[in-house]
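A.B. asks: Structure incoming, see below.
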Amino acid sequence: MQNLQLLFQAPVFNVQLFLDGLFIGAIFALAAFGMALVWGVMNIINVAQGEFVMLGGFITLLVVQAGLSPLLGIPAAALALFVLGWLLYRLVIWRIVDGDMFISLLATFGISIMMQQLMNEIFGADVRTAESGLGVWYLFDGMVTVTQIKVAAFALSIVIGLLLWLFLKNARLGQAIRATAQNARAARILGVDTDRVYAATYAINAALCGAAGALVVMAWSIHPYMGLPYTLRSFMIVIIAGLGNLAGVIAAGLGLGVAEQFAGFLLGAEFQLAFVFLLLVAVLVGRQISLARKRQYLK
Amino acid sequence: MSTRTAGIIAYAALFAIGLFGPWLFPAHLSQFSKLWLFMVLALSWDLLGGQTGYNSFGNIMFFGIGMYASAVLQVGLIYPVADYTAAKGGGTEFVFSAQQIYAGLALGVPFGGLVAMLAAVVFGALLLGMRGHYFAIATLGLAVATAELAAGWDYIGAGSGMIAPPLPNDIDGTRLFYYLSFALAMLTIAFLAWLYATRFRLAINAIRDDEDKAEALGHYTVRNKMAAWAISALFTGLAGAIYGNLSRFIDPHDIAFNAEVGVWMILMAILGGMGTLWGPVIGAIVFFISKELFWTYLLGWQRVALGALIVVIVVFFPEGIVGWVKNRWPRLFAPPTEEDSPRQPDNGGEAAHA
Amino acid sequence: MLHRRQILMASVAAAALLLAGATAQAEDCTITLGAAVSLTGKYSTNGKHTKNGYDLAIKVINDKGGVKVGGKTCKLAVKYYDDESTPARGAALAERLIQQDGVKFMLGPYSSGLTKAIAPITEKFKVPMVEANGASRSLFTKGYKYLFAVLSTSEQYLQSAIALAAENADKMGKKPNQMTVALAIENDPFSQDIRAGVMDDAKKYGMKIVIDDKLPKELNDMSTTLTKVKALKPDILIVSGHAKGAATAVRQIAEMRVDVPVVAMTHCDSAKIIKKFGDKAEYTLCASQWAPTLKYADDYFGSAADFAKLFEKTYGYAPPYQAAESAAAVLVYKAAFERAGALDPARVRDALAATDMMTFYGRVKFDETGKNVAKPMVLYQVLKGKYVVVAPSKWAEAKAVIPRPKWSERK
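Residue numbers (this note's numbering), protein chains in the order written: chain F, 760 to 1058; chain Z, 69 to 422; chain P, 6 to 416.
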């Protein structure tokens, strides 16, 4: 309660929490775009989502090691992850596209623990960061700090979301992806190479996560075992927003980020994650109850 | 040889091996204790996942709830729990006599199971209306939240964890907990064999195959789902209660609510064959042994190997060992398994599977 | 009963034969120490430091002629397993080392949580364990007979930081009992023990705890806690969360320009905060078990500085104290083997209990609970890009700068 009073006495801290929430939420949204895409088009829940984010971060570190600006890590990570996503599709994922979603959960879990330990072996388990070289803005007499890289991350997430939306709407491949999502069989009959569509979808997902990872390593930090929280939050955002709703994903991502910051502030850091997941369960139960009135269920 | 006889023979073999375990593999007793408990986890997960068609990703919460409930009762019978946990597992002042330990176990372990079962009934009322992956994710969310709450709750030691009541010198803990684990595994198999021979199995299989039709046919689907989950939670909770004592140290994230063990129980069931009685048993044995081998011989790469194994299992053998053997050699009753155990598991109890 | 023992004996004998067979041509004998360390998982950074410390000490001892036990010269070796930073794994591996690999002497894992999980096992089998990375004081209240720790226990970590803050209270225009403390401490057994120690010390001076956040283990963002710190303006901020916690805190405190007169942490050197964050790390107080500038010395590594040099040459980075104390644990074992004159666990245990020796890491002398009571903790401050010892006064190279300059007053 003391914490709550604080927010009323010094409202400026609301601004800090709100902004921090937006920034971290934008990253969640970026990872969640990809998850929504893969989920909607391929009916796969990709548990390795957080590991793709981590890989994006490590690629950025390689870029830094090569003496280049970490900002170049964003396209580099996206590109590298695109290739990796494509390869993974050709190796494993294509076998599980038509299967039970449950199988996909477990298969991608297997991929995720492989990646964790591989990165541990290659890069070590240290917490790593990259300095973006961007500065910090101090507002309200230094009471509120805004890191420029976080603002850049925020803006970039929104821009990438818009680009993705335009791509799905107008590009030939984007249209094929949407057609496959609606009805894969019909799309196949009409001449869409659904296999290629799936590969592209999965690779785009990986690329989005890679870009997110590049931003994470500059604005926060990465290490080989950081993936799960990102995966779980992506899940949540997609569930709240629903599939095929990019604007909803952005809104849910930002909302989740802000809710988390306030929960951490008010309840203490130890209950931040518990809050997030109870919220998830509450959202699901709430939707279930409202559906049950119509004799429907969440499926 | 009927499948029923085969099942009885397999059970008897398992029983004999387990009973003489302390003489057959004295150096591996605690590993085998864990194997028995993992078997229980796989079997009880399969009751809901394989038989009822509800894939829970959150059954690990019953494991943790059972573990903490049992430990709290075992300690609470003798000392105030808050003092015990505040002392970070207790100094020398928290001493338990042999009698107190036995009494604590006799009351604590069933208590752990019952609390887990109660939790399943409460959560079931909220979650069992969901289907498919929504159910899976809701259970996962609940499990993570439970773990976080346990890690923040000072009464049970919060992030510092809790130590199971220390054993006095005259108790051979390894052997005691081995037999407890073994007894629980045998009880679980026997109970499920009985349960799967009743009409209850047909009722929950009907839910799995088509819940709407089952409902239309007049089945009490809600009641049956709830019963399946509650039984599953009961056995998982019992396993947790014993596991806490076996491992001596209860950590909220790494032992009680270990998300990875939550996935393993599912993998064991899939590996052996979901929706069968002996599948989870075989799956547990094969999985456990390969895991131990990876951790011994592939130091630093064990998870890469395990991850690859998982991918191979779910991608190429989604039917599990039992299912694969059945498809491959439909006439065979006693298929060999990959592991080098002397026992010959078979798919007894399988015939009823429609 | 006989049957069981026979099998046990047979398997031990077989293991011994195997070992002997592998090494018989080369030398007299090999003493294999067992260790489960975190090569992967959340503690693997420090797990690696631990392993490197063990390996370096073993190499040096073997190069200098090995261990002389009862007329024979033995080489040392370590059998490692990866406990993946989880206690359950650690306990299982300890059993495997003792029962299946026939290891008779154990080295400790990294972290208190793991040590807590393993100690009951070594105790049960009456196998001595010399550990260098489990500092929880609750480890030493259980009456363990086979556990020996070369390091200082958790309640001492930040004792001198709180004391320093209290001494300098007047510079902030306060009395010690008017000071307020903010705690941001990871929610794991070791860090929570540090918290208990700090709470006790704060109570002693009558300081008030105004923030008490338990950080989650996947922490990579402390901004909510730091926002609270900005709002409540405590005089002391304590951060403990292994390497991850130190790195996150240093970065975000600078970014958010959190002005707190005293900021004290643990695990600064294993997080490499100076190398990673440069100026941002300036004025941070860091608890450390050991520092290369201390004037300790022994026959194997020479002085503390020599150890640091050798370590850096071998592994390419300056040794954090986790590596130093791990190396010291091996030295303690070596001395105990020689004094025991036999490789019998019971005799080695007694020799260990009687240890009183000087090492490059400091003096090692165990009390009856097995903890080292002869070596103090030191407190560094980061000054001009270097770790400078500021407490205890016996080892202090400079006076601590308290309060830290405000961020706005820095260049």
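Backbone N, C-alpha and C fix where the C-beta goes; we use that ideal spot for every residue, glycine too.
#1: Expressed to the nearest angstrom, what Euclidean distance is found between the alpha-carbon atoms of Thr289(P) and Ile407(P)?
#2: Once the 5 residues before and after Tyr85(P) are set aside, which same chain residues still bring their CB inside 7 Å of it?
#3: With Ile190(P) as the anchor, note down where its beta strand (DSSP E) starts and where it stops.
#4: When the cut-off is 9 Å and only beta carbons count, does Phe401(Z) lie next to chain P?
#5: For the stretch 269–280 of chain Z against the stretch 205–223 of chain Z, do three or more pairs of beta-carbon atoms, one drawn from each stretch, fall closer than 8 Å, so that the two count as touching?
#6: Tell me, please, which residues DSSP counts as bridged to Lys77(P).
#7: Could you give the first and the last residue of the continuous beta strand (DSSP E) run that contains Ser245(P)?
#8: How many angstroms separate the CA atom of Asp284(P) from the CA atom of Ser228(P)?
#9: What is the DSSP secondary structure of Thr417(P), reduced to helix, strand or coil?
#10: Report buried or exposed for Gln1031(F), applying the criterion of at least 16 other Cβ atoms within 10 angstroms of its Cβ.
#11: Suppose contacts are defined by Cβ-Cβ distances below 9 Å. Is Val382(Z) in contact with Gly341(Z) by that definition?
#12: State the start and end residues of the unbroken alpha helix (DSSP H) segment that holds Phe1024(F).
#13: In chain order, what residues of the same chain lie with their CB nearer than 7 Å to the CB of Tyr147(Z), ignoring the 5 residues before and after it?
#14: Using the beta-carbon count (16 or more within 10 Å), is Pro398(Z) buried or exposed?
#15: Verify the CB distance criterion: does Gln876(F) have a CB-CB separation below 9 Å to chain Z?
#16: Is the beta carbon of Asp303(P) closer than 9 Å to that of Thr374(P)?
#17: Taking Cβ-Cβ distances shorter than 7 Å, what residues in chain F pair up with Ala236(P)?
#18: Does the pairing of the stretch 821–835 of chain F with the stretch 996–1013 of chain F give three or more beta-carbon distances under 8 Å?
#19: Would you list, in sequence order, the uninterrupted beta strand (DSSP E) runs of no fewer than 3 residues that lie entirely inside the stretch 145–199 of chain P?
#20: How should Trp346(Z) be labelled, buried or exposed, when 16 other C-beta atoms within 10 angstroms of its C-beta is the threshold for buried?
#21: So what's Ile231(Z) in DSSP terms, helix, strand or just coil?
#22: Determine whether the beta carbon atoms of Met874(F) and Asn225(P) lie at a separation below 9 Å.
#23: Report yes or no: is there a C-beta of chain P within less than 9 Å of the C-beta of Ala884(F)?
#24: Measuring CB to CB, does Ala309(Z) end up less than 9 Å from Gly126(Z)?
#25: In angstroms, rounded to a whole number, what distance separates the CA positions of Leu263(Z) and Arg371(Z)?
#26: Reducing DSSP to helix, strand and coil, say where Asp349(P) ends up.
#27: List, in chain order, every chain F residue whose beta-carbon is nearer than 9 Å to that of Asp218(P).
#28: Only counting runs of 3 or more residues, tell me where the beta strand (DSSP E) segments fall wholly within the stretch 266–319 of chain P, in order along the chain.
#29: Going by DSSP in three states, Arg262(P) sits in which element: helix, strand or coil?
#30: Compare the C-beta of Glu880(F) with all C-beta atoms of chain Z and state if any pair is closer than 9 Å.
#31: Suppose the cutoff is 6 Å on Cβ atoms and the five residues either side in sequence are ignored; what does the same chain contact list for Met995(F) look like?
#32: Looking at chain F, is there any beta carbon in it that lies within less than 9 Å of the beta carbon of Leu374(Z)?
#33: With three or more C-beta pairs closer than 8 Å as the rule, is the stretch 114–133 of chain Z touching the stretch 301–308 of chain Z?
#34: To the nearest whole angstrom, what separates the beta carbons of Tyr989(F) and Gln808(F), a pair I think is in contact under 8 Å?
#35: Using the C-alpha atoms, what's the distance from Leu82(Z) back to Leu255(Z)?
#36: Count the other CB atoms, across all protein chains shown, that sit within 10 Å of the CB of Gly799(F); report buried if there are 16 or more and exposed otherwise.
C.D. replies: Taking the geometry as given:
#1: 10 Å
#2: Excluding its 5 nearest sequence neighbours in each direction, Tyr85(P) has C-beta neighbours in its own chain below 7 Å: Ala40, Val42 and Lys56, listed in chain order.
#3: Thr185 to Glu191
#4: Below a pLDDT of 50, predicted positions are generally treated as unreliable, and Phe401(Z), at 48, falls in that range; the measurement from the model is reported next regardless. By this cut-off, Phe401(Z) is not an interface position.
#5: no
#6: Val74(P)
#7: Ile241 to Ser245
#8: Taking the straight line joining both Cα atoms gives about 20 Å.
#9: The structure shown has nothing for residue 417(P), since chain P only spans 6 to 416.
#10: buried
#11: No, these two residues do not count as a Cβ contact at 9 Å.
#12: Leu1005 to Leu1026
#13: Phe162
#14: exposed
#15: True, the Cβ-Cβ gap to chain Z drops below 9 Å.
#16: No, they are not a contact pair.
#17: Leu765, Ala769 and Phe772
#18: no
#19: 152–154 and 185–191
#20: Buried, since its Cβ has 16 or more Cβ neighbours within 10 Å.
#21: In this structure, Ile231(Z) counts as strand in the three-state DSSP scheme.
#22: Contact flag unset, no.
#23: yes
#24: no
#25: 36 Å
#26: Coil at Asp349(P), not helix or strand.
#27: Gly1023, Gly1027, Ala1028 and Glu1029
#28: Within the stretch 266–319 of chain P, the runs of beta strand (DSSP E) that reach at least 3 residues and sit entirely inside it are, in chain order, 267–271 and 290–293.
#29: coil
#30: So yes, Glu880(F) belongs to the interface.
#31: Leu1039
#32: yes
#33: yes
#34: 6 Å
#35: 12 Å
#36: buried
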